[in-house]
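Chains as they are written, first to last, in the numbering used here: chain A, 2 to 307; chain B, 104 to 444; chain C, 9 to 257.
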Amino acid sequence: MLMFTLQLLVAGIATGSVYALIALGIVLIYKCSGVVNFAQGAFVMLGAYLTYGLVKLGLPAYVALLGAMILMAGCGMASERLVLRPMMKAPLVAVMTVTLGMLILMKAVCLAIWGPDQLAFPRLFPDGAVDVFGIFVTYNYLAAFVLSICLSVGFLAFYQLTPIGLMQRCTADNPRAALAIGIHTSNQISLAWSMSAALAGIGGALLASLNGLSLGLADIGLVAFPVIVLGGLTSLTGALVAGLLLGVLQALTDGLLTPVAEQFLRTYTSIYSAGALQQVVPYALLVVVLLVRPEGIFGQRGTERL
Amino acid sequence: MSRPVLAAVLLSVLAVIGTLLLGRFGAYMMHAVAIAAIGALSLNLLTGFCGQINFAQAGLLGVGAYAAGLAGNAGWDLLALPVAGLAAVATAVLIGLPALRLRGLYFAIATLAAQFILEYLFKFAEPITHGVSGLLIKPMTVFGRPIQADQGYAIVAITLLLATFLVMHWLRRTDLGRSFLVVRENEVVAKGMGINVARTKMLAFMISGFFAGIAGGLIGFTARLAHPESFGMSLSVDYVAMIIVGGLGSMPGAVLGAGFITLLPEAIQRLGEIFHISDQLSALREMTFGLLIILFLIFEGRGLSAIGSRLVSARGWRTRQGGRAEPLELQKIKSSQGGLE
Amino acid sequence: MALRARDVSIRFGGVLAVDNMSLDVEPHEIVGLIGPNGAGKTTFINCLSGAYVPQSGKATWKEADLLGRQPHELIRRGVVRTFQNVASLHDLTVLDVVKLGQAVRHGNPMRQLRDMLRSERARDAELIRTILQPLRLAEVAHQPIQSLSYGMRKAVDLARALAAQPQILLLDEPVAGLTAQEGAMMSRVIRDVRDRVGCAVVMVEHKMDVVNATCDRIVVMASGARIFEGSAAQVQSDPSVRRVYLGEP
């Protein structure tokens with residue numbers, strides 16, 4: 002039982018670290034430009050498909066990964082310049098909807114080019130697993146975890162320690178003040194979007210290597226929202242921690258809670274299956290968090306002065 | 104009778120006549136648009152008038168469909184639709200009680216969560232909803248007589264659409280309607296003015312929910328089926344697109360937007376057949392949808408209704424709806440002659 | 009029918025914005041609340057009107073507790089305030105705003121139902137006659153407040169407050185941003201309202217000439233605390249007041 006749980010934990014931590022990567026991107030954009038990017042899921046999906054496409058063109062796996070990351074950075078920048086910048090003064094609902102529009106558009110483009118079926122994602126990491134005290138950690142999980150954590154930590158280091166990171170933080174904290182002291186805020190915002198898209202793209206490739214490549218990857222973007230609310234919409238560390246937590250929660254739900262729930266349901270009701278419980282649990286958790294502590298674990302409550 | 108009311112009644116009569124003259128396909132289009140318009144007006148109340156972004160509209164429609172289906176199958180006749188409305192109101196209350204304490208963005212995310220939870224429940228509350236196979240729904244009965252033809256449903260839908268429009272038109276001019284608008288503009292000011300913001304938002308959600316339930320019930324009856332896949336997130340996005348494309352806060356806009364978004368797939372289908380690219384049809388449809396949302400929001404933020412009123416005023420007509428005043432330029436001249444001088 | 013506030017204090021992070029402030033307001037009197045910028049006058053009013061919840065202190069209105077209550081509750085008890093910055097509320101007209109002011113007074117659904125059934129025109133006409141006319145706003149009744157000048161928007165905010173049938177009016181800088189002429193007019197309006205409606209008034213203000221002309225009694229605040237109270241003449245000659253306004257002699 003313990004071994005089984007630990008095995009689940011391994012899977013959970015691996016996927017959770019990828020969620021964290023994706024959520025980091027969303028929080029980055031939110032901090033910098035106040036926009037909730039519903040299209041993040043589309044960046045995830047597009048990154049995976051681009052990696053696939055580049056490999057199909059003959060590039061070695063790691064070059065393809067890098068290439069996809071660069072292309073996604075460009076994609077993020079283009080989205081910001083072409084779509085979000087003209088919408089700067091629009092009401093919140095309009096901006097949220099325009100990101101949804103981008104999600105729909107990108108999904109449709111991928112559908113048109115690669116079709117609706119699941120595709121075989123190229124092997125990025127060698128087969129096989131490492132035996133850690135009886136728990137099998139596949140190289141895939143290991144690599145996903147290591148890469149995600151390195152990128153996340155690397156990104157956080159960049160954000161906290163470098164001069165450009167400082168400019169990013171200034172822009173996020175107070176755009177007007179940042180502009181007043183000479184920071185080119187619009188460039189900073191473009192940068193935020195491109196980094197965010199690049200991170201999402203890598204996340205997509207990693208997720209595809211774990212779960213397969215299909216259009217459904219775009220929906221991961223929506224799973225990220227419970228993550229960031231849990232972590233606090235404005236906290237990067239929060240996104241990291243919450244991502245890991247959520248991955249673990251999903252794995253444990255799938256492995257432990259679902260069988261128990263189904264047993265219960267089958268005994269007392271005529272319901273046979275509990276279905277995709279692990280997909281709904283993040284949202285149920287989201288509701289609880291919103292009730293109890295809307296600013297999340299690491300976020301800060303806002304105050305308004307009259 | 105004021106001008107918008109008159110226009111609405113006339114248009115409804117014309118629509119009914121049109122339905123009777125058009126063939127089966129025309130009638131089908133008519134009722135699809137009318138039902139979507141009821142759903143769009145409902146969402147417009149909550150999001151357009153009261154400023155609360157709602158991604159759970161599809162879930163509420165689904166609740167209406169299942170409720171109407173169950174009631175109709177049990178022989179409740181005309182009561183099936185009000186029951187659907189009330190079921191959706193109850194759902195709205197359940198969602199709203201925790202969610203309405205949250206502001207703007209967080210409320211939107213909460214409704215996102217509610218939408219996914221509702222989708223899950225549709226799939227897995229099998230004894231009630233029959234899960235993934237869907238709930239079969241018998242035709243709607245009116246005083247015992249079943250409605251079988253598309254024309255019949257179209258007439259019912261148009262009549263209910265007119266009723267919905269009239270109720271919302273009246274509501275907007277009451278104190279409650281005015282408080283919706285103030286809450287939308289600035290919650291802090293609304294609170295300071297003494298408006299009970301929490302109660303106002305909840306009432307908006309409940310009234311919106313009622314009409315969503317009615318629309319959902321009609322969807323169930325016309326499709327003869329309530330299926331979890333039909334009430335997913337993409338339908339919620341469709342409705343948000345309808346009110347934005349139509350013009351946020353505008354009732355005629357909501358109706359126009361509903362027509363536009365509903366007829367769009369059909370138009371694409373025709374175009375695809377003409378240009379012989381039928382195999383990529385669904386991708387093309389989605390691409391156009393996404394592109395339209397983006398372009399509309401960037402270039403004409405105030406939607407079709409703004410385009411419409413520009414056309415109308417270009418001909419020298421000014422609309423005077425209850426409470427609305429004349430163009431701003433004119434007032435700036437007048438206002439310098441009143442007040443504390 | 010009086011307002012009694014004792015030792016009200018509120019702190020924002022490290023800043024003590026209101027420091028043990030006490031105030032008594034008797035029925036029908038107009039009290040001026042003055043002081044330099046940052047003295048905590050508006051913050052104190054916010055505490056009394058339910059916008060902020062102070063950490064300590066006690067305040068009662070007609071012997072019932074005042075602090076920590078919601079604005080809509082307070083309005084029903086007759087405590088109504090105006091705002092320093094008048095928000096632009098989209099396309100709502102003057103009459104819409106005033107009707108809202110009246111509506112929040114009555115939470116009672118029966119009254120609301122009766123209002124809904126009564127002719128809109130009759131209700132409009134009555135509001136124009138009783139509230140807008142005395143404030144010279146009758147001509148702009150159907151215009152969106154967005155299109156009015158700042159001074160007129162402040163008058164509309166006052167009309168909104170009056171429509172709620174106040175027993176005590178908390179006015180937050182009623183003449184800020186108005187011309188000298190408009191200010192004098194507002195001063196007359198406030199005294200007229202007190203005489204006609206019979207409410208008490210607490211007026212936060214900077215302009216001394218308006219305060220002198222309007223108020224029966226003046227309370228001076230500085231750094232969150234009360235430092236002086238008296239008539240206009242007394243306030244002008246008191247050394248501690250001169251110090252906070254003009255600096256060390």
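No residue lacks a Cβ here, since even glycine has one placed at the ideal position from N, Cα and C.
{"Check": "I believe B:Ile410 touches A:Val99 by the beta-carbon criterion, under 8 Å. Please report the beta-carbon distance rounded to the nearest angstrom.", "Outcome": "At roughly 18 Å, the Cβ-Cβ gap does not stay under 8 Å, so B:Ile410 and A:Val99 are not in contact."}
{"Check": "Quick check on C:Pro79 - is its C-beta less than 7 Å from some C-beta in chain B?", "Outcome": "yes"}
{"Check": "Using a Cβ-Cβ cut-off of 7 Å, state whether A:Ala198 counts as contacting chain B.", "Outcome": "no"}
{"Check": "Take C:Lys215 as the anchor and find which of C:Asp15, C:Ile42, C:Leu24, C:Phe20 has the nearest alpha-carbon.", "Outcome": "C:Ile42"}
{"Check": "What is the rounded straight-line gap between the Cα of C:Arg168 and the Cα of B:Val186?", "Outcome": "40 Å"}
{"Check": "Does the stretch 43-51 of chain A come within contact of the stretch 60-77 of chain A, defined as at least 3 CB pairs closer than 8 Å?", "Outcome": "yes"}
{"Check": "Against chain B, which members of the stretch 51-71 of chain C pass a CB distance test of less than 8 Å?", "Outcome": "Ser57, Ala59"}
{"Check": "Return helix, strand or coil for C:Asp246, following the three-state DSSP convention.", "Outcome": "coil"}
{"Check": "Please list the partners that B:Gly406 has in chain C, where partner means a Cβ-to-Cβ separation under 9 Å.", "Outcome": "Those within 9 Å of B:Gly406 in chain C number zero; the least Cβ separation is about 16 Å."}
{"Check": "Considering only their Cβ atoms, is the gap separating C:Ile153 from C:Met146 smaller than 7 Å?", "Outcome": "According to the sequence shown, residue 146 of chain C is Ala rather than Met. Cβ atoms of C:Ala146 and C:Ile153: not closer than 7 Å."}
{"Check": "Is the beta carbon of A:Val36 less than 7 Å from the beta carbon of A:Val94?", "Outcome": "no"}
{"Check": "C:Ala130 CB to nearest chain B CB: under 7 Å?", "Outcome": "no"}
{"Check": "With H, G and I counted as helix, E and B as strand and the rest as coil, what does DSSP make of C:Met211?", "Outcome": "strand"}
{"Check": "Only counting the same chain, and skipping five residues up and downstream in sequence, which positions put a Cβ closer than 8 Å to that of B:Ala143?", "Outcome": "Tyr342, Met345, Ile346, Gly349, Ala357, Val358, Gly360, Ala361"}
{"Check": "Here's a check: name, in chain order, each residue in its chain whose Cβ is nearer than 7 Å to the Cβ of C:Ser30, leaving out the five neighbours to either side.", "Outcome": "Ala13, Arg14, Asp15, Arg234"}
{"Check": "Any C-beta of chain C sitting closer than 7 Å to the C-beta of B:Ile298?", "Outcome": "yes"}
{"Check": "Which residues in chain B sit within 8 Å of A:Ser271, going by Cβ to Cβ distance?", "Outcome": "Glu229, Pro230"}
{"Check": "Going along chain B in order, which residues have a C-beta closer than 7 Å to the C-beta of A:Ala79?", "Outcome": "The contacting residues do not exist; A:Ala79 stays about 13 Å from chain B at best."}
{"Check": "Would you be able to state if there are at least three C-beta pairs under 8 Å between the stretch 299-316 of chain B and the stretch 180-200 of chain B?", "Outcome": "yes"}
{"Check": "Taking DSSP as the reference, what is the three-state secondary structure of C:Thr90?", "Outcome": "coil"}
{"Check": "Using a threshold of 7 Å, state whether the C-beta atoms of A:Thr236 and A:Leu25 are closer than that.", "Outcome": "Checking the displayed sequence, the identity of residue 236 of chain A turns out to be Ser instead of Thr. Taking 7 Å as the Cβ cut-off, A:Ser236 and A:Leu25 do not qualify as a contacting pair."}
{"Check": "Is the stretch 257-267 of chain B in contact with the stretch 129-139 of chain B, if contact means three or more CB pairs nearer than 8 Å?", "Outcome": "yes"}
{"Check": "Could you tell me which chain C residues have their CB closer than 9 Å to the CB of B:Lys294, listed as they occur along the chain?", "Outcome": "Gly58, Ala59, Gln78, Pro79, His80"}
{"Check": "Of the residues A:Thr254, A:Gln280, A:Leu257, A:Gly276, which one's Cα is nearest the Cα of A:Leu223?", "Outcome": "A:Gln280"}
{"Check": "Just to make sure I have the definition right: I need the residues of chain B whose C-beta is within less than 8 Å of the C-beta of C:Ile176. Which are they?", "Outcome": "Within 8 Å Cβ-Cβ: nothing; C:Ile176 doesn't reach chain B, min ~14 Å."}
{"Check": "With DSSP run on the structure shown, which of helix, strand or coil describes A:Pro164?", "Outcome": "helix"}
{"Check": "So with CB distances below 7 Å, who are the chain A contacts of B:Phe219?", "Outcome": "Val281, Tyr284"}
{"Check": "Measuring straight from C-alpha to C-alpha, what distance separates C:Lys107 and B:Pro107?", "Outcome": "23 Å"}
{"Check": "Pull up the distance between the alpha-carbon of C:Gln92 and that of A:Arg86, whole angstroms please.", "Outcome": "33 Å"}
{"Check": "Kindly indicate if chain C contains any beta-carbon less than 7 Å away from that of B:Glu288.", "Outcome": "yes"}
{"Check": "Count the C-beta pairs between the stretch 156-169 of chain B and the stretch 364-379 of chain B that are closer than 8 Å, then say yes if the count reaches three, no if not.", "Outcome": "no"}
{"Check": "Using only alpha-carbon positions, find the residue among B:Arg204, B:Glu290, B:Ser333, B:Phe246 that is nearest to B:Trp179.", "Outcome": "B:Phe246"}
{"Check": "Excluding the five sequence neighbours on either side, which residues of its own chain have a C-beta within less than 8 Å of the C-beta of A:Met4, listed in chain order?", "Outcome": "Gly135, Ile136"}
{"Check": "Just tell me which of A:Val56, A:Ser210, A:Ala109, A:Leu266 has its CA closest to the CA of A:Tyr142.", "Outcome": "A:Ser210"}
{"Check": "Can you tell which of A:Phe265, A:Leu258, A:Phe226 has its C-alpha closest to the C-alpha of A:Val290?", "Outcome": "A:Phe226"}
{"Check": "Taking the C-alpha atoms as reference points, what is the distance between C:Lys162 and A:Ala275?", "Outcome": "60 Å"}
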